[in-house]
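Protein chains in written order, with the UniProt record's numbering: chain A, 1 to 204; chain B, 1 to 204. Glycine residues also receive a C-beta, built at the ideal position from the N, C-alpha and C atoms. Just so it is clear, the structure is predicted and the values come from calculations on it, not from any experiment.
There are 2 protein chains.
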Amino acid sequence: MSDDEDRKNAEHKAAMQALKAERDAMMAEKTDAPGLLLVHTGDGKGKSTAAFGMVARALGWNQKIGIVQYIKGKWITGERQFYKRFPESVRYEIMGQGFTWDTQDRARDIEAAEAAWATSLEMLHDPELDLVILDELNIALRYDYLDIAKVVADLQARPRDKHVVVTGRNAKPELIAIADLVTEMTLVKHPFDQGIKAQRGVDF
Amino acid sequence: MSDDEDRKNAEHKAAMQALKAERDAMMAEKTDAPGLLLVHTGDGKGKSTAAFGMVARALGWNQKIGIVQYIKGKWITGERQFYKRFPESVRYEIMGQGFTWDTQDRARDIEAAEAAWATSLEMLHDPELDLVILDELNIALRYDYLDIAKVVADLQARPRDKHVVVTGRNAKPELIAIADLVTEMTLVKHPFDQGIKAQRGVDF
Chain A
1 MSDDEDRKNA
11 EHKAAMQALK
21 AERDAMMAEK
31 TDAPGLLLVH
41 TGDGKGKSTA
51 AFGMVARALG
61 WNQKIGIVQY
71 IKGKWITGER
81 QFYKRFPESV
91 RYEIMGQGFT
101 WDTQDRARDI
111 EAAEAAWATS
121 LEMLHDPELD
131 LVILDELNIA
141 LRYDYLDIAK
151 VVADLQARPR
161 DKHVVVTGRN
171 AKPELIAIAD
181 LVTEMTLVKH
191 PFDQGIKAQR
201 GVDF
Chain B
1 MSDDEDRKNA
11 EHKAAMQALK
21 AERDAMMAEK
31 TDAPGLLLVH
41 TGDGKGKSTA
51 AFGMVARALG
61 WNQKIGIVQY
71 IKGKWITGER
81 QFYKRFPESV
91 RYEIMGQGFT
101 WDTQDRARDI
111 EAAEAAWATS
121 LEMLHDPELD
131 LVILDELNIA
141 LRYDYLDIAK
151 VVADLQARPR
161 DKHVVVTGRN
171 AKPELIAIAD
181 LVTEMTLVKH
191 PFDQGIKAQR
201 GVDF
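Spelled out as structure tokens, the structure:
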């Protein structure tokens, strides 16, 4: 090994030692706090997909999961077809009546959103569940299908025995204010710009 | 129903009709192009998690998936424990030797990264697979454990019969340049800032 390689390796080791010390210190001072409220928002992809990745992760720990889909009612999706295979562990409720631009019926959308919120509340209060995904709830809030003040109050009154993930673009500031972790998915480059159709396995 | 409600509903219907027309036009003019290269990068959460959500989605379509984990070798993760249950459908290879700040050994990291890339190439050329996840490849590239020019050339020479997802912060510009879809996960609010430990089911 050359002197230059030796030096590079030694430098790397020192840098990694410093990084490890920093990380260890950070992990040591944390307190364990269950029951986080997570929000996935932004115009990019991956908001629902990351929530469905958390479902896989939770299943790996033999946890139980509740999923309420607010909007994507009419699509057949891979995630739905997959997680429906685990009815003992996953309660999967599809409450939305399809995209709002398909239904074009505000009264019906409000009714569907209210039924979905009732089911969500039931899950939030179900001590059996370890994780609850409220998929595309943000869209129902954005169109005022649900009262944000009521949703925020209900979320704040929830038992803190499970994690909750809310997805959808345009998360309301009131929701972000009470969330523990907010991630924004931003589009850097998208194949729709380049004339590529939504694809099975990638988009649904 | 009041006049005001009637008006609001009519307005909503018109807006949704316009949205639907726009979306239908967009979907109609797209061409189907298989074999996308997706990159999940940024400092926020959800990069790997969204990739693992795509695995669930692909399993829902009865597809076959290859996963190479470049870095998180030593952690026991929920996703690993879960997807290992489907050996017929998921080839799950854990090549990383743990976080670099744990190993502090550059030569060993390079060796592990090179072995991981060899396995990745095998998967990229495996016609049985529909989706390949190269989890945390960006970290191996960032530390120059792998030559970016070689990785880019290999990716460009790959058969376009499957989707490929590369995850990890600090994606190199050379990789972004050849990607079809790039999403940046940005941290808006994180519980680590508020003294909360990494948690099972959320972070791993």
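Exercise for review: Taking Asp-144/B as the reference, give the member of Gln-17/B, Ala-18/B and Arg-106/B with the closest Cα.
Suggested key: Taking the first residue of the second sequence as position 1, residue 144/B is located at position 144. Of the candidates Gln-17/B, Ala-18/B and Arg-106/B, the one whose C-alpha sits nearest the C-alpha of Asp-144/B is Arg-106/B.
Check your understanding: Given a threshold of 16 other Cβ atoms within 10 Å of its Cβ, counted over all protein chains shown, does Ile-133/B qualify as buried or as exposed?
Key -> Residue numbering aside, residue 133/B sits at position 133 when the second sequence is read from its first letter. The residue is buried, with at least 16 neighbouring Cβ atoms inside 10 Å.
Check your understanding: In terms of alpha-carbon separation, which member of Ile-67/B, Ile-76/B, Val-164/B and Gly-66/B lies closest to Ala-58/A?
Key -> Locating residue 58/A in the first sequence gives position 58, counting from the first residue. Checked all of Ile-67/B, Ile-76/B, Val-164/B and Gly-66/B; the closest Cα to Ala-58/A is Ile-76/B.
Review point. Is it buried or exposed for Asp-4/B, if we count other Cβ within 10 angstroms and need 16 for buried?
Key: Counted from its first residue, the second sequence places residue 4/B at position 4. So Asp-4/B ends up on the exposed side.
Point to revise | Ile-65/B (DSSP reduced to helix, strand or coil) | key: Taking the second sequence and counting its residues from 1, the one referred to as residue 65/B is at position 65. If DSSP states are grouped into helix, strand and coil, Ile-65/B belongs with the strands.
Check your understanding: Looking at the unbroken beta strand (DSSP E) that takes in Lys-189/B, where does it start and where does it end?
Key -> In the second sequence, residue 189/B corresponds to position 189, counting from 1. 181 to 189 is the extent of the beta strand (DSSP E) around Lys-189/B.
Check your understanding: Glu-79/B and Ser-48/B: beta carbons closer than 9 Å?
Key -> As a working mapping, residue 79/B is identified with position 79 in the second sequence. As a working mapping, residue 48/B is identified with position 48 in the second sequence. Yes, the Cβ-Cβ distance between Glu-79/B and Ser-48/B is below 9 Å.
Check your understanding: DSSP three-state call for His-163/B: helix, strand or coil?
Key -> Counting from one through the second sequence, the residue named residue 163/B turns up at place 163. The answer is strand: DSSP assigns His-163/B an E or B state.
Review point. Do you know how far the Cα of Val-182/A is from the Cα of Arg-158/A?
Key: Taking the first sequence and counting its residues from 1, one reaches residue 158/A at position 158. Taking the first sequence and counting its residues from 1, one reaches residue 182/A at position 182. When rounded, the distance between both Cα atoms is 18 Å.
Point to revise | Three-way DSSP call (helix, strand, coil) for His-12/A in this model | key: Walking along the first sequence from the start, residue 12/A turns up at place 12. DSSP places His-12/A in helix when its eight states are reduced to three.
**Study point:** Buried versus exposed, by CB contacts within 10 Å (16 or more), Arg-91/A
**Key:** Within the first sequence, the letter at position 91 stands for residue 91/A. So Arg-91/A ends up on the buried side.
Point to revise | Residues near Gln-104/A in its chain [Cβ-Cβ closer than 7 Å; skip 5 each side] | key: Counted from its first residue, the first sequence places residue 104/A at position 104. Same-chain partners within the cutoff: there are none.
Check your understanding: Do you know whose CA, among Leu-146/B, Thr-119/B and Arg-142/B, lies nearest Ile-110/B's CA?
Key -> For the purposes of this step, residue 110/B is taken as the residue at position 110 of the second sequence. Looking at the Cα atoms, Leu-146/B is the closest of the given residues.
**Study point:** Rounded C-alpha distance that separates Val-165/A from Ser-120/A
**Key:** Locating residue 165/A in the first sequence gives position 165, counting from the first residue. Locating residue 120/A in the first sequence gives position 120, counting from the first residue. Looking at the two C-alpha atoms, the distance is approximately 11 Å.
Check your understanding: Under a Cβ-count criterion, where at least 16 other Cβ atoms within 10 Å of its own Cβ denotes burial, should Asn-138/B be classed as buried or exposed?
Key -> Here residue 138/B is taken as the residue at index 138 of the second sequence, counted from 1. Label assigned to Asn-138/B: buried.
Review point. Are the C-beta of Val-132/A and some C-beta of chain B separated by less than 9 Å?
Key: Stepping through the first sequence from its first residue, residue 132/A is reached at position 132. Not one chain B Cβ lies under 9 Å of Val-132/A.
Check your understanding: Should Tyr-70/B and Gly-60/A be called a contact, given that it needs their Cβ atoms to be closer than 9 Å?
Key -> Looking up residue 70/B in the second sequence gives position 70. Looking up residue 60/A in the first sequence gives position 60. No.
Review point. Which value, in whole angstroms, describes the spacing of the CA atoms of Glu-114/A and Val-68/A?
Key: On the first sequence, residue 114/A is found 114 positions in, with the first residue counted as 1. On the first sequence, residue 68/A is found 68 positions in, with the first residue counted as 1. If I take the Cα positions, the gap works out to 12 Å.
Exercise for review: For the alpha helix (DSSP H) containing Asp-109/B, list its first residue and its last residue.
Suggested key: For the purposes of this step, residue 109/B is taken as residue 109 along the second sequence, with counting starting at 1. Element bounds for Asp-109/B: 106 to 124.
Check your understanding: Counting only beta-carbon atoms, is Gly-53/B nearer than 9 Å to chain A?
Key -> Residue mapping note: residue 53/B aligns to position 53 of the second sequence, counting from 1. For Gly-53/B, the answer is yes, since a Cβ of chain A falls inside 9 Å of its Cβ.
Review point. Is Thr-31/B buried or exposed, if buried means 16 or more other CB atoms sit within 10 Å of its CB?
Key: Within the second sequence, the letter at position 31 stands for residue 31/B. Summary for Thr-31/B: the model assigns pLDDT 46, below 50, so the residue's position carries little reliability, and this model does not support an answer.
**Study point:** Check whether Arg-169/B and Asp-43/B have beta carbons under 9 Å apart
**Key:** In the second sequence, counting from the first residue as 1, residue 169/B sits at position 169. In the second sequence, counting from the first residue as 1, residue 43/B sits at position 43. Yes.
**Study point:** Residue burial classification, Ala-177/B (beta-carbon count within 10 angstroms, cutoff 16)
**Key:** As a first step, residue 177/B must be located in the second sequence, where it is residue number 177. Under this definition Ala-177/B is an exposed residue.
Point to revise | Contacting positions in the segment 62 to 83 of chain A - beta carbon closer than 8 Å to chain B | key: Gln-63, Thr-77, Gly-78, Glu-79, Arg-80, Gln-81, Phe-82 and Tyr-83
**Study point:** Nearest neighbour of Ala-118/B, chosen from Pro-127/B, Glu-128/B, Val-151/B and Leu-131/B [CA to CA]
**Key:** Mapped onto the second sequence, residue 118/B falls at position 118. If we check each option's Cα against that of Ala-118/B, Val-151/B comes out closest.
Check your understanding: Using a beta-carbon distance cut-off of less than 7 Å, what residues from the segment 137 to 163 of chain A approach chain B?
Key -> His-163
Point to revise | Proximity test, Cβ basis, 9 Å: Lys-45/A and chain B | key: Here residue 45/A corresponds to residue number 45 of the first sequence, with the count starting at 1. So yes, Lys-45/A belongs to the interface.
Point to revise | Under 8 Å from the C-beta of Glu-114/A: neighbouring residues of chain B | key: Counting from 1 along the first sequence, the entry for residue 114/A is found at position 114. Neighbours of Glu-114/A on chain B: none; closest Cβ ~15 Å, over 8 Å.
**Study point:** Assigned secondary structure, Asp-43/B (DSSP; H/G/I helix, E/B strand, else coil)
**Key:** Numbered from 1 along the second sequence, position 43 holds the residue referred to as residue 43/B. Reduced to three states, the DSSP call for Asp-43/B is coil.
Practice item. Name the residue from Val-188/B, Ala-10/B, Asp-154/B and Ala-51/B whose alpha carbon lies nearest to the alpha carbon of Glu-136/B. Key: Stepping through the second sequence from its first residue, residue 136/B is reached at position 136. Of Val-188/B, Ala-10/B, Asp-154/B and Ala-51/B, the residue nearest in Cα terms is Ala-51/B.
Exercise for review: Could you work out which residues of chain A lie near Val-182/B, taking near to mean beta carbons separated by less than 7 Å?
Suggested key: On the second sequence, residue 182/B is found 182 positions in, with the first residue counted as 1. By Cβ distance, chain A contributes Val-188 and Lys-189.
Exercise for review: Provide the residue span of the beta strand (DSSP E) that contains Leu-36/A, from first to last.
Suggested key: Start at 1 with the first residue of the first sequence, and residue 36/A comes out as number 36. First-last for Leu-36/A: undefined, no H or E at that position.
Check your understanding: Does the Cβ-Cβ distance between Leu-187/B and Lys-45/B come in under 9 Å?
Key -> Position 187 of the second sequence, counting from 1, holds the residue named residue 187/B. Position 45 of the second sequence, counting from 1, holds the residue named residue 45/B. In this structure, Lys-45/B lies closer than 9 Å to Leu-187/B by Cβ.
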